[in-house]
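Under the numbering used here, the first residue of the sequence shown carries the number 24, and numbering increases by one thereafter.
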Amino acid sequence: EIIEVTGVQTCALPICNLCLPCSNVCLGCTGMGDDECVSCGSTTFFFENTCVLECPTGFYEDEPTRYCLPCDITCLECSGPSDRECSDCNSPRFLEGNECLTTCSDGLFADEASQTCVPCESSCTTCDGSLGSDCLSCPAGEVPIMVPVLVDALRASSHPPPTSAPRAIPAARSEERRVGKECRSRW
Numbered sequence: 024e025i026i027e028v029t030g031v032q033t034c035a036l037p038i039c040n041l042c043l044p045c046s047n048v049c050l051g052c053t054g055m056g057d058d059e060c061v062s063c064g065s066t067t068f069f070f071e072n073t074c075v076l077e078c079p080t081g082f083y084e085d086e087p088t089r090y091c092l093p094c095d096i097t098c099l100e101c102s103g104p105s106d107r108e109c110s111d112c113n114s115p116r117f118l119e120g121n122e123c124l125t126t127c128s129d130g131l132f133a134d135e136a137s138q139t140c141v142p143c144e145s146s147c148t149t150c151d152g153s154l155g156s157d158c159l160s161c162p163a164g165e166v167p168i169m170v171p172v173l174v175d176a177l178r179a180s181s182h183p184p185p186t187s188a189p190r191a192i193p194a195a196r197s198e199e200r201r202v203g204k205e206c207r208s209r210w
């Protein structure tokens with residue numbers, strides 16, 4: 024017979040007739056180990072037979088049950104079970120609002136570094152980067168025009184040197200050029 028006392032549960036052996044305290048991380052337990060919990064207190068969450076202060080990546084904290092429950096398969100981190108409650112995405116998806124998508128909406132591009140959908144430059148309808156020379160399509164009445172872009176100049180403008188040490192921009196070599204598309208009005 025198992026004897027139960029508030030906050031503790033006895034060992035699992037029916038011949039025990041002895042009440043042993045749970046680990047201090049458990050509210051209810053099947054044994055005295057930290058990984059033998061069956062319930063947790065009001066400041067922790069139940070996860071894989073133990074009680075944790077925060078749920079691990081891929082799980083969210085369900086307040087009513089005090090359990091760590093799995094995120095939707097598209098989410099790396101989330102605030103609930105839905106595919107519209109993501110805060111970070113599993114690759115190869117990108118976060119747009121609270122959803123993880125394989126393709127970003129028009130006006131946004133998939134930023135590989137942050138795994139988020141980032142706004143295009145305002146002159147572009149669709150793009151593959153944040154610069155005006157990264158347009159793939161343009162608003163009505165405008166057309167994409169091929170333009171040469173110096174890669175070193177782009178690097179210098181997106182990562183300006185410290186103000187205390189002026190730095191010369193190195194001359195661009197032919198392999199440091201790329202072609203971009205800017206949107207311009209039809210003439």
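Note that CB positions come from ideal geometry on N, CA and C, so glycine has one too.
| Check | Outcome |
| --- | --- |
| DSSP three-state assignment for ILE96, whether helix, strand or coil | coil |
| Under the three-state DSSP convention, the category VAL61 falls into | strand |
| Residue interval of the beta strand (DSSP E) (run including SER160) | 158-160 |
| C-alpha gap between CYS161 and LYS204, whole angstroms | 10 Å |
| 7 Å CB neighbourhood of ALA133 in its chain, flanking five on each side removed | PHE117, CYS127, CYS140 |
| With 16 other Cβ atoms within 10 Å as the buried cut-off, status of GLU59 | buried |
| VAL75 - containing beta strand (DSSP E), residue span | 73-75 |
| Status (buried if at least 16 other CB within 10 Å, exposed otherwise) for THR67 | buried |
| Identity of the residues DSSP links to GLU144 by a beta bridge | GLU144 pairs with nothing; no bridge assigned. |
| Local conformation of ASP165 per DSSP, three classes | Checking the sequence, you will find Glu at residue 165 rather than Asp. Three-state DSSP puts GLU165 in a strand. |
| Local conformation of ASP111 per DSSP, three classes | strand |
| Distance cut-off 7 Å: CYS91 Cβ against heavy atoms of the ligand NAP | In terms of ligand content, the structure shown is empty, and the ligand NAP therefore cannot be addressed. |
| Residue(s) in a DSSP beta bridge with GLY203 | VAL170 |
| Local conformation of LEU154 per DSSP, three classes | coil |
| Residue burial classification, LEU76 (beta-carbon count within 10 angstroms, cutoff 16) | exposed |
| Inter-residue spacing [alpha-carbon to alpha-carbon] between GLY54 and CYS45 | 6 Å |
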